[in-house]
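Structure first, commentary second.
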Ligand code: ADP
Ligand code: MG
């Protein structure tokens with residue numbers, strides 16, 4: 007579904023990502039782990055097509071098409087979308103007005119999917135992300151991406167600003183909603199809980215703008231928590247990659 011071939015990325019002349027290779031199949035979950043400032047959010051934004059990041063070499067393919075030079079709007083139309091780590095506030099636009107414009111799903115149906123508590127309905131009448139708490143921003147983002155029915159979704163630190171109970175509810179909702187529709191997920195995280203909830207098929211570790219290791223998330227997480235991210239450099243190529251799980255496994259897990 008998404009294939010990144012050897013891309014290098016600069017921001018104002020500074021190299022942020024180096025020789026990144028990444029392939030994410032339809033209906034699979036990949037996790038991207040790494041210390042602060044490793045380049046994780048940059049990779050997410052490069053996949054989305056943020057114009058300030060310059061892809062100086064390499065190619066990004068989506069469903070076999072070279073999208074390296076596609077605009078963000080074209081990528082969203084193809085089905086690529088993202089939940090931002092820190093989404094911007096949009097003054098004078100209520101969340102329900104925004105959803106009314108973008109949603110491919112009737113709003114009632116959307117709300118039915120995300121009935122966590124009354125919080126969601128109250129948010130609809132407020133300006134998008136204006137003075138929202140961390141958790142409210144994540145709910146607002148989740149509603150927006152659910153409304154777009156994406157084929158490929160990036161979650162950039164969904165776990166920041168969410169308490170464990172809401173994180174659990176939201177991740178299970180994501181699992182139900184997106185995996186049943188064969189959406190692929192790229193989860194960017196520092197924390198272990200979301201890995202336990204979503205059980206990614208593959209975990210990648212990014213250090214200093216490079217993917218230094220890819221493999222089974224349990225093993226990768228154990229190395230990170232006991233020996234640190236740098237140790238992951240030594241694992242390169244030695245961790246078995248699990249094959250894509252069947253859809254029956256998704257629904258039973
Ligand atoms: P992560 O998400 O892994 O914490 P980022 O991708 O946000 O890391 O950042 C990687 C590096 O690139 C950092 O050194 C950061 O300061 C720099 N960087 C990324 N985007 C920008 C930007 N828009 N302006 C200035 N520096 C940036
Ligand atoms: Mg980040």
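In the numbering used here, the protein residues as written are 7 to 259. Note that the Cβ used here is the ideal one computed from N, Cα and C, for glycine as well. Quick caveat: nothing in here was measured; it's all calculated off a predicted structure.
| Buried or exposed by the 16-neighbour rule on C-beta atoms within 10 Å, applied to residue 40 | Within the chain shown, the letter at position 34 stands for residue 40. Residue environment analysis places residue 40 among the buried positions, since at least 16 neighbouring C-beta atoms fall within 10 angstroms of its C-beta.
| query | Helix or strand or just coil, what does DSSP make of residue 59? | reply | For this step, residue 59 is matched to residue 53 along the chain shown. Of the three classes helix, strand and coil, the one that applies to residue 59 here is coil, per DSSP.
| message | With three or more C-beta pairs closer than 8 Å as the rule, is the region 17-30 touching the region 131-150? | response | Counting Cβ pairs under 8 Å, fewer than three are found: no touch.
| field | Span separating the alpha-carbon of residue 62 from that of residue 29 | value | Numbered from 1 along the chain shown, position 56 holds the residue referred to as residue 62. Numbered from 1 along the chain shown, position 23 holds the residue referred to as residue 29. If you draw a straight line from the Cα of residue 62 to the Cα of residue 29, it comes to about 19 Å.
| Are the beta-carbon atoms belonging to residue 87 and residue 8 less than 7 Å from one another? | Residue numbering aside, residue 87 sits at position 81 when the chain shown is read from its first letter. Residue numbering aside, residue 8 sits at position 2 when the chain shown is read from its first letter. Not closer than 7 Å, so no.
| task | Using 6 Å as the cut-off, classify the Cβ of residue 47 as near or not near the heavy atoms of the ligand ADP, replying yes or no. | result | Position 41 of the chain shown, counted from the start, is the residue given in the question as residue 47. Correct: residue 47 has its Cβ closer than 6 Å to the ligand ADP.
| Beta carbon of residue 150: closer than 6 Å to some heavy atom of the ligand MG? | Within the chain shown, the letter at position 144 stands for residue 150. When distances are taken from the beta-carbon of residue 150 to the heavy atoms of the ligand MG, even the shortest one reaches 6 Å or more.
| With C-beta atoms as the reference, is residue 179 less than 7 Å away from residue 144? | Position 173 of the chain shown, counted from the start, is the residue given in the question as residue 179. Position 138 of the chain shown, counted from the start, is the residue given in the question as residue 144. The Cβ-Cβ distance between residue 179 and residue 144 does not fall below 7 Å.
| said: Can you tell me whether residue 10 sits near the ligand ADP, meaning its C-beta is under 6 Å from at least one heavy atom of the ligand? | reply: As a position in the chain shown, residue 10 is number 4, starting the count at 1. Outside the cutoff, so no.
| query | Who are the near neighbours of residue 43 in its chain, counting only those whose CB is closer than 7 Å to its CB and skipping five residues on each side? | reply | Sequence index remark: in the chain shown, residue 43 carries index 37 (1-based). Within the same chain, residue 43 has no close Cβ partners at all.
| request: Return the chain-ordered ranges of every alpha helix (DSSP H) run that is complete within the region 45-117 and spans a minimum of 4 residues. | output: Counting whole runs of 4 or more residues, the region 45-117 contains the alpha helix (DSSP H) stretches 46-54, 78-84 and 101-108.
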